[in-house]
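Numbering (full-length UniProt numbering), first residue to last: 1 to 128.
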């Protein structure tokens, strides 16, 4: 199901399909739920937004507020994954500094919408 944006108007509520800027706004809000030392996967976020993990990666690559919007806390299900600002070395270092080398996986889809999602296997710790 696509992400819907509901706007309040004088004549009532208006729902429309989300545009990319809306996905970015929701994605940033999800990332701000992650505490230092916690990571989630591209797949977890993709489930919540109803888009592909690759699209999540493209949206994260457009992040211009690195650190403020902690895109480095999103990892591939089998490791770090890409990072557009500084490469995987910078991502690994940021996660190491935040977590003493052992980031904790946070299953945002499970927390926010429960067991109503198809689950991917995700390691308990992302490898750095």
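From the three backbone atoms N, C-alpha and C, an ideal C-beta is built for every residue, glycine too.
Taking just the CA atoms, how far does residue 68 sit from residue 6?
27 Å
Classify residue 52 as buried or exposed, calling it buried when 16 or more other Cβ atoms lie within 10 Å of its own Cβ.
exposed
What does DSSP give as the partner residues of residue 47 in its beta bridges?
Paired residues: none, contrary to the question.
On a CA-only basis, which of 60, 17, 3 and 8 is nearest residue 81? Give me that one, please.
60
Would residue 73 and residue 39 qualify as a contact pair, given that the criterion is a beta-carbon distance under 8 Å?
yes
Tell me which same chain residues have a C-beta within less than 6 Å of the C-beta of residue 24, skipping the five on either side of it?
59
Residue of 106, 76, 4 and 87 minimising C-alpha distance to residue 13
4
Consult DSSP for residue 76 and reduce its assignment to one of helix, strand or coil.
strand
Reference residue 27, options 104, 44 and 95, closest by Cα:
44
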